[in-house]
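A short worksheet on the structure shown next.
Residue numbers (our numbering): 23 to 487.
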């Protein structure tokens with residue numbers, strides 16, 4: 023679980039923080055860098071193709087989970103070698119396309135790993151399993167985030183750094199070869215032809231609707247990048263609705279059955295909203311943190327790699343392990359609420375960095391505390407998602423839930439860049455604290471539903487008979 027968590031976390035920074043640092047060093051403007059956060063869109067829409075991982079099985083290895091893992095890891099290795107040949111100053115569109123492709127395969131790997139973990143762990147192991155997988159995930163981000171920045175800045179340069187990451191993805195394929203095979207779970211059986219027809223119909227309806235909407239005049243929304251982002255978001259929502267209707271009309275059992283099973287539970291839509299909002303404040307604070315530390319606070323890429331990435335990820339790992347230990351003895355609701363409050367308060371550390379003179383001690387303290395709280399919150403959040411997942415549809419449902427969790431991380435990037443340009447860094451980081459409040463209020467309202475998901479009973483409450 024530790025090593026597969028490492029494999030899952032390795033590509034994320036390459037399409038986010040490390041990519042952001044590369045673009046910053048090469049001199050791209052902050053608004054363009056903010057829009058590169060949209061490279062993470064596959065994390066938001068991975069639920070679209072996740073049912074295929076439940077239904078189909080490559081023949082590379084015994085077991086569909088391990089086979090899909092190997093396919094994605096080899097693809098990521100190839101893309102890293104492609105990225106090594108590009109220059110963002112002259113090939114910004116190619117860099118963006120490669121980043122999207124890395125995010126797509128990374129999201130696909132996450133689909134399979136999350137399903138693998140859900141199939142393998144029982145209820146009593148969720149907290150520890152979440153902590154260990156987060157540990158591996160964060161160690162990987164230490165390598166592809168902090169260590170990669172130092173390697174690129176001091177030793178090998180950016181192209182060779184990407185080649186080194188490609189070699190690591192190849193090694194992760196060996197980890198997959200030796201991973202244990204989970205016990206077979208009850209799965210949906212359906213006609214392959216019907217599945218493919220439904221999948222094609224869904225994609226055609228979604229893509230066709232989006233293309234038709236793009237032909238309409240959208241000048242009424244306004245001019246500029248933020249207006250275009252609003253228009254594209256509206257078009258994506260309409261396209262998703264059209265795709266869902268086409269899937270139901272054509273019959274796509276692997277896609278529809280997980281949705282129907284999830285929405286049969288009480289307040290299912292509000293639980294989905296909680297997933298989006300719970301870490302929204304963290305998403306805002308982290309969306310431009312690397313650019314802030316380099317450009318806004320005046321630190322070098324090596325200093326950012328050593329403090330923000332290395333110390334920050336170590337603090338996250340400690341937080342994840344502490345959160346897992348806490349979850350083993352405390353109710354899920356209480357853990358989510360406590361860690362959510364700590365996540366919100368910890369964002370004030372970035373505000374202090376933005377208003378006080380440059381200080382390595384302050385940067386280390388603020389980043390260490392923020393990542394410690396974030397690690398605890400992540401452990402509880404992963405356990406929450408696992409508790410919501412039906413093992414019959416583990417890949418599809420967990421992909422839907424984790425895709426919703428990625429909405430904030432992906433969409434706040436463009437908004438963050440515009441807000442910083444308009445109001446400055448101090449006001450932006452105050453806003454990140456306020457952005458965490460809606461999720462905490464919704465969590466309090468959903469207390470009965472969250473408490474019923476499992477874990478030790480809350481004090482003063484009895485287990486349902």
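All C-beta atoms in this analysis are idealised placements derived from N, C-alpha and C, irrespective of residue type, glycine included.
Residues near residue i by beta carbon distance below 6 Å, same chain, minus five either side
i	result
residue 393	334, 337 and 338
residue 401	152, 153, 156, 342, 345 and 346
residue 403	none
residue 361	398, 399 and 402
residue 38	none
residue 417	72, 75, 76, 133 and 137
residue 27	155, 158 and 159
residue 427	297
residue 469	355
Where the alpha helix (DSSP H) containing residue i begins and where it ends
i	result
residue 41	39-47
residue 559	Examination of residue 559 is not possible in this model, given that the chain is present from 23 through 487 alone.
residue 141	114-142
residue 460	459-467
residue 297	290-299
residue 191	179-199
residue 396	382-410
residue 276	275-284
residue 165	Looking at the DSSP string, residue 165 is not in any alpha helix (DSSP H), and its letter there is neither H nor E.
residue 364	354-368
residue 74	72-77
residue 27	24-31
residue 64	63-67
residue 95	86-105
residue 304	302-309
residue 54	52-57
Best match in the options for proximity to residue i [C-alpha to C-alpha]
i	options	result
residue 234	220, 223, 224 and 257	257
residue 103	431, 142 and 187	187
residue 441	74, 293 and 309	309
residue 280	161, 40, 73 and 288	73
residue 202	138, 218, 241 and 366	138
residue 353	406, 286, 302 and 365	406
residue 464	373, 302 and 412	302
residue 369	396, 423 and 348	396
residue 2	70, 313 and 33	One cannot answer for residue 2 here, as it falls past the ends of the chain, which runs 23 to 487.
residue 475	61, 92, 101 and 288	288
residue 220	390, 268, 182 and 425	268
residue 114	227, 45 and 238	45
residue 373	228, 170, 307 and 431	307
residue 199	29, 282, 60 and 366	29
residue 150	348, 68 and 91	348
residue 323	363, 471, 167 and 438	167
residue 70	170, 173 and 227	227
residue 180	351, 340, 355 and 41	41
residue 292	472, 175 and 53	472
residue 249	430, 195 and 437	437
residue 68	444, 424 and 435	424
residue 412	325, 141 and 193	141
residue 375	316, 415 and 106	316
residue 312	429, 277, 447 and 408	447
residue 31	218, 173 and 191	191
residue 358	266, 458, 454 and 444	458
residue 285	184, 422, 304 and 183	422
residue 224	389, 194, 264 and 195	264
Close-in-space but distant-in-sequence residues of the same chain around residue i (CB under 8 Å, 5 per side omitted)
i	result
residue 177	none
residue 94	127, 128, 130, 131 and 134
residue 460	299 and 302
residue 484	Unreliable positioning characterises residue 484 in this predicted model, as indicated by a pLDDT of 44, which lies under 50. A coordinate reading is not provided.
residue 236	257
residue 58	41, 42, 45, 118, 121 and 435
residue 364	395, 398 and 399
residue 486	Model confidence at residue 486 stands at a pLDDT of 36, short of 50, so the residue's coordinates are unreliable and nothing is read from them.
Beta-carbon proximity list for residue i, same chain, < 7 Å, skipping 5 on both sides
i	result
residue 320	380
residue 25	158 and 197
residue 273	216 and 220
residue 452	373
residue 318	376 and 447
Residue-level contact to chain C via CB, residue i, 9 Å cutoff
i	result
residue 349	Looking at the structure shown, chain C is missing, and only one protein chain is on hand.
Taking three-plus beta-carbon pairs below 8 Å as touching, is the stretch 374-386 in contact with the stretch 322-333?
yes
Would you call the stretch 220-232 and the stretch 260-273 in contact, with 3 or more CB pairs under 8 Å?
yes
Touching by the beta-carbon criterion (3+ pairs, under 8 Å), the stretch 297-315 and the stretch 105-125:
no
Count the CB pairs spanning the stretch 103-120 and the stretch 48-57 that are closer than 8 Å, and state whether there are at least three.
Counting Cβ pairs under 8 Å, three or more are found: they touch.
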